[in-house]
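Report on the structure given below.
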Amino acid sequence: MRFGRFEVHLFSAGVFKQDGGLMFGVVPKVVWERALKPDDRNRVTVPMNCLLVRDDRNVVLLETGAGDKLEAKWLDVWGIDPREHVLHKLKDRGIDADEVTIVLNTHLHFDHAGGNTVRGERGRPQPAFPRARYVIQRVEWEDALHPHERSRASYFADDFAPLERAAEFVDGEAEILPGLRVVRVKGHTRATQYLLLRQDGRTLFFSCDFMMSRHHLPLPWIPALDLYPMDTLAAKKELLPRAVAEEWLVAFTHDLPRFGHVRERDGKYVFEELAAQP
Numbered sequence: 002m003r004f005g006r007f008e009v010h011l012f013s014a015g016v017f018k019q020d021g022g023l024m025f026g027v028v029p030k031v032v033w034e035r036a037l038k039p040d041d042r043n044r045v046t047v048p049m050n051c052l053l054v055r056d057d058r059n060v061v062l063l064e065t066g067a068g069d070k071l072e073a074k075w076l077d078v079w080g081i082d083p084r085e086h087v088l089h090k091l092k093d094r095g096i097d098a099d100e101v102t103i104v105l106n107t108h109l110h111f112d113h114a115g116g117n118t119v120r121g122e123r124g125r126p127q128p129a130f131p132r133a134r135y136v137i138q139r140v141e142w143e144d145a146l147h148p149h150e151r152s153r154a155s156y157f158a159d160d161f162a163p164l165e166r167a168a169e170f171v172d173g174e175a176e177i178l179p180g181l182r183v184v185r186v187k188g189h190t191r192a193t194q195y196l197l198l199r200q201d202g203r204t205l206f207f208s209c210d211f212m213m214s215r216h217h218l219p220l221p222w223i224p225a226l227d228l229y230p231m232d233t234l235a236a237k238k239e240l241l242p243r244a245v246a247e248e249w250l251v252a253f254t255h256d257l258p259r260f261g262h263v264r265e266r267d268g269k270y271v272f273e274e275l276a277a278q279p
């Protein structure tokens, strides 16, 4: 899809299965299961979406999925097929790993950063995109390297520790390319970042896990995974009215890979998919 001077593509690097209670926090199961049906292990199927942004000089990849380095027990717990790798998805679009110039992770949890690295010589992890600079919030990097008891299960050092030389650390809001910005938001982690792409008076918003799907548009629908849920609530109260008023084109990290708009109807926020998806 053309968006100003950029070409943008939204795709999924596979799915994983997450406990429904973790996904929806204080929302009772009898309510959330109307939105997503759980399996017999109480897991809901969650896409791991990536956004590809290209111009005549840059190939920018936002998110890299879970990759293929997870042990068998985690593949079973999360229902991940390691063959659904971001490198294969890019290859399907005619893009080789060494063509990617910038990698952006909203944060460094395994389902967003697992494809950052691949096993190289002697099984050691190395950057999957050898020519890319990896743009990471400095605070998120520090928190991932030094997780606490509540956050530790979501971070795997092999996904990011080998990137230190290739990393470009940012603090807060930063312009990565003209018209392409990342903005830090506290909620899911202390320093998650979302993307705003502005071109010709239009805005594309690629959310992060503080608002991971259309099902999380209602203000109280906040994942139990969020470390700072009240900050998540505040961010939603700030951003959703802007998304409606400014008619942002919206895509989510953990929803069907569809573009659309957020609308306000009868006092509720809803997601309206584009009639024709690119």
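Using the numbering used here, the first residue of the sequence shown is number 2, and each one after it goes up by one. Glycine included, C-beta positions come from ideal geometry on N, C-alpha and C.
Buried/exposed call for residue i, threshold 16 Cβ in 10 Å
{"i": "LYS237", "result": "buried"}
{"i": "LYS38", "result": "exposed"}
{"i": "HIS108", "result": "buried"}
{"i": "ARG185", "result": "buried"}
{"i": "ALA154", "result": "exposed"}
{"i": "ALA276", "result": "exposed"}
{"i": "PRO163", "result": "buried"}
{"i": "HIS149", "result": "exposed"}
{"i": "HIS147", "result": "exposed"}
Beta-carbon proximity check, residue i vs residue j, cutoff 8 Å
{"i": "HIS113", "j": "TYR156", "result": "no"}
{"i": "PHE260", "j": "SER214", "result": "no"}
{"i": "ASN59", "j": "ILE103", "result": "yes"}
{"i": "GLU85", "j": "GLY15", "result": "yes"}
{"i": "ARG182", "j": "GLU169", "result": "no"}
{"i": "LEU105", "j": "ALA98", "result": "no"}
{"i": "PHE272", "j": "LEU52", "result": "no"}
{"i": "HIS216", "j": "ALA73", "result": "no"}
{"i": "PRO221", "j": "VAL27", "result": "yes"}
{"i": "PRO83", "j": "ASP69", "result": "yes"}
{"i": "ARG120", "j": "PRO126", "result": "yes"}
{"i": "ARG3", "j": "ASP56", "result": "no"}
{"i": "VAL140", "j": "ALA67", "result": "no"}
Rounded straight-line distance, which links the Cα of residue j to that of residue i
{"i": "GLN194", "j": "VAL31", "result": "32 Å"}
{"i": "VAL136", "j": "ALA167", "result": "9 Å"}
{"i": "VAL251", "j": "VAL245", "result": "10 Å"}
{"i": "ASP210", "j": "GLN138", "result": "15 Å"}
{"i": "GLU265", "j": "ALA158", "result": "41 Å"}
{"i": "GLN278", "j": "PRO230", "result": "32 Å"}
{"i": "HIS189", "j": "LEU198", "result": "22 Å"}
{"i": "GLU100", "j": "ALA129", "result": "11 Å"}
{"i": "ASP267", "j": "GLY80", "result": "37 Å"}
{"i": "GLU176", "j": "SER152", "result": "28 Å"}
{"i": "GLY202", "j": "LEU196", "result": "16 Å"}
Residue from the options with nearest C-alpha to residue i
{"i": "ASP77", "options": "GLY26, ARG44 and PRO126", "result": "ARG44"}
{"i": "PHE17", "options": "ALA225, PHE4, ASP93 and ASN50", "result": "ASN50"}
{"i": "THR65", "options": "ASP56, GLY80, ASP57 and PRO48", "result": "PRO48"}
{"i": "PRO219", "options": "GLN200, ARG199 and TYR270", "result": "TYR270"}
{"i": "GLN200", "options": "TRP249, PHE25, LEU11 and LEU241", "result": "TRP249"}
{"i": "GLY21", "options": "ASN117, LEU226 and THR118", "result": "LEU226"}
Runs of 3 residues minimum, wholly inside the region 140 to 195: which ones carry the beta strand (DSSP E) assignment?
If we require 3 residues or more, the beta strand (DSSP E) runs fully inside the region 140 to 195 come out as 168 to 171, 175 to 178 and 181 to 186.
Restricting to runs no shorter than 4 residues, where is the alpha helix (DSSP H) found entirely within the region 80 to 106?
List check, alpha helix (DSSP H) in window: 87 to 93.
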